[in-house]
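This report refers to the structure that appears directly beneath it.
Protein chains: 2
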Amino acid sequence: MSILVVGSVALDSVETPFGVRDRVLGGSATYFATSASFFTDVNLVAVVGEDFPEEHTRFLSSRNIDLTGLSRVPGETFHWKGRYGYDLNEAQTLETHLNVFESFKPVIPAAYADAQYLILANIDPELQMEVLNQVKSPRVVACDTMNFWISSKPEALKKVISRVDFLIINEGEARQLSGEANLVKAARAIIGLGVKNLIVKRGEYGVLMFNGNSVFAAPAFPLEQVFDPTGAGDTFAGGFMGYLANTGNLSDEGIRQAIIFGSVMASFNVEDFSLERLKTLSYPEIEARYRSFKNMTHFQGVGEL
Amino acid sequence: MSILVVGSVALDSVETPFGVRDRVLGGSATYFATSASFFTDVNLVAVVGEDFPEEHTRFLSSRNIDLTGLSRVPGETFHWKGRYGYDLNEAQTLETHLNVFESFKPVIPAAYADAQYLILANIDPELQMEVLNQVKSPRVVACDTMNFWISSKPEALKKVISRVDFLIINEGEARQLSGEANLVKAARAIIGLGVKNLIVKRGEYGVLMFNGNSVFAAPAFPLEQVFDPTGAGDTFAGGFMGYLANTGNLSDEGIRQAIIFGSVMASFNVEDFSLERLKTLSYPEIEARYRSFKNMTHFQGVGEL
Numbered sequence: 001m002s003i004l005v006v007g008s009v010a011l012d013s014v015e016t017p018f019g020v021r022d023r024v025l026g027g028s029a030t031y032f033a034t035s036a037s038f039f040t041d042v043n044l045v046a047v048v049g050e051d052f053p054e055e056h057t058r059f060l061s062s063r064n065i066d067l068t069g070l071s072r073v074p075g076e077t078f079h080w081k082g083r084y085g086y087d088l089n090e091a092q093t094l095e096t097h098l099n100v101f102e103s104f105k106p107v108i109p110a111a112y113a114d115a116q117y118l119i120l121a122n123i124d125p126e127l128q129m130e131v132l133n134q135v136k137s138p139r140v141v142a143c144d145t146m147n148f149w150i151s152s153k154p155e156a157l158k159k160v161i162s163r164v165d166f167l168i169i170n171e172g173e174a175r176q177l178s179g180e181a182n183l184v185k186a187a188r189a190i191i192g193l194g195v196k197n198l199i200v201k202r203g204e205y206g207v208l209m210f211n212g213n214s215v216f217a218a219p220a221f222p223l224e225q226v227f228d229p230t231g232a233g234d235t236f237a238g239g240f241m242g243y244l245a246n247t248g249n250l251s252d253e254g255i256r257q258a259i260i261f262g263s264v265m266a267s268f269n270v271e272d273f274s275l276e277r278l279k280t281l282s283y284p285e286i287e288a289r290y291r292s293f294k295n296m297t298h299f300q301g302v303g304e305l
Numbered sequence: 001m002s003i004l005v006v007g008s009v010a011l012d013s014v015e016t017p018f019g020v021r022d023r024v025l026g027g028s029a030t031y032f033a034t035s036a037s038f039f040t041d042v043n044l045v046a047v048v049g050e051d052f053p054e055e056h057t058r059f060l061s062s063r064n065i066d067l068t069g070l071s072r073v074p075g076e077t078f079h080w081k082g083r084y085g086y087d088l089n090e091a092q093t094l095e096t097h098l099n100v101f102e103s104f105k106p107v108i109p110a111a112y113a114d115a116q117y118l119i120l121a122n123i124d125p126e127l128q129m130e131v132l133n134q135v136k137s138p139r140v141v142a143c144d145t146m147n148f149w150i151s152s153k154p155e156a157l158k159k160v161i162s163r164v165d166f167l168i169i170n171e172g173e174a175r176q177l178s179g180e181a182n183l184v185k186a187a188r189a190i191i192g193l194g195v196k197n198l199i200v201k202r203g204e205y206g207v208l209m210f211n212g213n214s215v216f217a218a219p220a221f222p223l224e225q226v227f228d229p230t231g232a233g234d235t236f237a238g239g240f241m242g243y244l245a246n247t248g249n250l251s252d253e254g255i256r257q258a259i260i261f262g263s264v265m266a267s268f269n270v271e272d273f274s275l276e277r278l279k280t281l282s283y284p285e286i287e288a289r290y291r292s293f294k295n296m297t298h299f300q301g302v303g304e305l
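In order, the protein sequences belong to chains Y and R. Counting from 1, one number per residue, gives the positions in the first sequence under the UniProt record's numbering. Counting from 1, one number per residue, gives the positions in the second sequence under the UniProt record's numbering.
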């Protein structure tokens, strides 16, 4: 089953201890769509400016990402400039130029209106709601957000959250959204808002998934070189939803596998700048790293002792 | 097989956001021995002063901890005073009074000299080496240390490390000891010092184990209430070594199970102040939480998909 992604396509300028890249391909929807494209077909709704290089649209098309919903409008593409120190967990934003993204009003092409799998990447929650209202009856909706929306539009955000199956946010955002310092209490409060499953991203420490019945803990893959963490969360979400859309298995077991595939994709993405690593990645490499995750976390149960 | 523990027995004064306790039972060897006592017999070598309450020795004896090696000498017991904020990961030390611990020279009773399982809790690495030299041919040695010894006695510490099977330290200590910010590189450098296995404690994020062949990642148990993290690392090490000594299974699988049992013990210990939770803990509760760890981390392998 194909996935519909709504979010940002950007040109990023990134500085890490390992190098500098200027105006390279970025944006939440870009990372999400490319990662998901390893598992299923993807339809992208986003906006770029006249400066957006043709090579990037060619790359996205080469990944079987349908660009019917990618509008190109007068003006410049969303531009983000950031820096990471040796602690690669947190970006320092140096510049944000919304440009054409400032007046982005996502219009879902008629052909996408019956999308079954929908990801609302990090955009204004009022726009996320407009998208939700344009998609007839999605089977699975996942949603991301950020500290800015949690503080500036909490009510609009909570309405969106009450309608989604998976809220995928980081640890600090979970605490901010719930007002609870303890993560278990934060998770309970957020589930109380109506979302079915909460996935908490913890950077190099992995992911925790909470729902009414169970908790699942997945580590991050210990990497010797993290070149650029930009887009890791979106790449995770892309692998996660891509695998769910591929299998249609929404059981607890299916969701857990999807979380590992998401973690696998994120672990590859941070090995190089921008989407460079995903450009060379093959499915056998993905399966091999999934096996490494299995080896890394396996231990015998009490009954097997 | 019994375990020999050498380390500190202390009286702690602790303040957390959830309460205050004055001069309660503490010390690395105390937590270690009590935790290990759920799995095997324990022999304790440590020192206390004349002020050490009889109720504490009665408690330790009640756990089948042999106190032949616990000397009671003139003076006051080692006293630590610390405080935790809402971020319970890091203690702020307010006072440290070494007292009788300052002139502690561990003498291993003759009956313990053929100990097979030895834990060198966090003491001066020169004393750790003296202990190593008094124990004839231990099968398994585990060792802890702290930032103070890494910076003040790095050479003595490295000699100890080259002779142990398990170095159990926290993430910051691993980085400090190796001079590497990246944990995978830090682990390789530390394994290069001659230790067979490195266990990196990451507080609420769990544990990573590195050796020449494999990496194992274990999460921490997500708890709704963490009352007092004091002794969590020693309680982990106690459960870990206690289980190894109980089973004698030093295979990769056996070590992984031991890491989970250690994590189980630590997760209980932080639920109350001092050793209060361990005082009421039962083995069925330990097994039940081991099962919860299994449930929390399980997912199907690629071959099972």
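Glycine included, every Cβ here is placed at the ideal spot set by N, Cα and C.
In chain order, 205 make up the part of chain Y whose C-beta sits under 8 Å from the C-beta of residue 202 of chain R. Annotation: the region 50 to 125 of chain Y contains the following complete segments of the beta strand (DSSP E) (minimum length 3 residues), in chain order: 65 to 72, 79 to 84, 91 to 97 and 117 to 120.
Note that the C-beta distance between residue 239 of chain Y and residue 71 of chain Y is not below 7 Å. Taking a cut-off of 8 Å for Cβ pairs, the region 62 to 71 of chain R and the region 39 to 54 of chain R touch, as three or more such pairs fall below it. One Cα belongs to residue 195 of chain R, the other to residue 139 of chain Y, and the distance between them is close to 52 Å. For residue 77 of chain Y, no chain R residue has a C-beta closer than 7 Å to its own C-beta; the minimum C-beta separation is roughly 33 Å. In the displayed model, residue 15 of chain R falls within a strand according to three-state DSSP.
Taking all protein chains in view, the Cβ of residue 86 of chain R is surrounded by fewer than 16 other Cβ atoms within 10 Å, so the residue is classified as exposed. The secondary-structure analysis by DSSP pairs residue 233 of chain R with nothing; it has no beta-bridge partner. Annotation: the continuous alpha helix (DSSP H) that includes residue 157 of chain Y extends over 154 to 161. From the beta-carbon of residue 299 of chain R, the residues of chain Y found nearer than 9 Å are 216, 218, 253, 256, 257, 259, 260, 293, 294 and 297. Distance from the CA of residue 51 of chain Y to the CA of residue 107 of chain Y, rounded to the nearest whole angstrom, comes to 21 Å.
Only buried fits residue 183 of chain Y, as 16 or more other CB atoms lie within 10 angstroms of its CB. The Cβ atoms of residue 120 of chain R and residue 6 of chain R lie closer than 7 Å to each other.
Non-local beta-carbon contacts of residue 81 of chain R in its own chain, meaning distances under 6 Å to residues more than five positions away in sequence, involve 13, 94 and 95 in chain order. For residue 123 of chain Y, the closest C-alpha among the options Y:156, Y:175, Y:180 and Y:136 is that of Y:156. With respect to chain Y, the C-beta atom of residue 126 of chain R has no partner C-beta closer than 7 Å. Going by DSSP, residue 211 of chain Y is part of the beta strand (DSSP E) stretching over 207 to 211. Rounded to the nearest angstrom, the gap between the Cα atoms of residue 301 of chain R and residue 92 of chain R is 43 Å.
No Cβ-Cβ contact shorter than 7 Å links residue 197 of chain R with residue 235 of chain R. For the C-beta of residue 86 of chain Y, the chain R residues within less than 7 Å are, from N- to C-terminus, 181. In terms of Cβ geometry, residue 218 of chain Y and residue 207 of chain Y form a close pair [threshold 7 Å]. Shown here, residue 9 of chain Y sits in coil according to DSSP, grouped into three states, outside any helix or strand. Within chain Y, 222, 223 and 224 have C-beta atoms less than 7 Å from the C-beta of residue 184 of chain R, given in sequence order. At least one CB atom of chain R sits nearer than 7 Å to the CB of residue 287 of chain Y. The region 245 to 253 of chain Y makes no contact with the region 282 to 299 of chain Y, as fewer than three CB pairs between them are under 8 Å.
In the assembly as shown, residue 280 of chain R is an exposed residue. Its beta-carbon has fewer than 16 other beta-carbons within 10 Å. Judged by DSSP secondary structure, residue 197 of chain Y falls within the beta strand (DSSP E) whose first and last residues are 197 to 201. One alpha carbon belongs to residue 205 of chain Y, the other to residue 151 of chain Y, and they sit about 25 Å apart.
No residue range can be given for residue 275 of chain R, since it is assigned to no beta strand (DSSP E) and is classified by DSSP as neither H nor E. With respect to chain R, the C-beta atom of residue 302 of chain Y has a partner C-beta closer than 7 Å.
For residue 290 of chain R, the neighbours in chain Y by C-beta distance under 7 Å run, in chain order, 302. Contact between residue 227 of chain R and residue 16 of chain R holds: CB atoms are separated by about 6 Å, below the 8 Å threshold. Judged by DSSP in its simplified three-state form, residue 166 of chain R adopts strand.
By the criterion of a C-beta distance shorter than 6 Å, residue 33 of chain Y is surrounded in its chain by 5, 42, 44 and 65, once the five residues flanking it on both sides are discounted.
Residue 181 of chain R carries a coil assignment under DSSP once its states are collapsed to helix, strand and coil.
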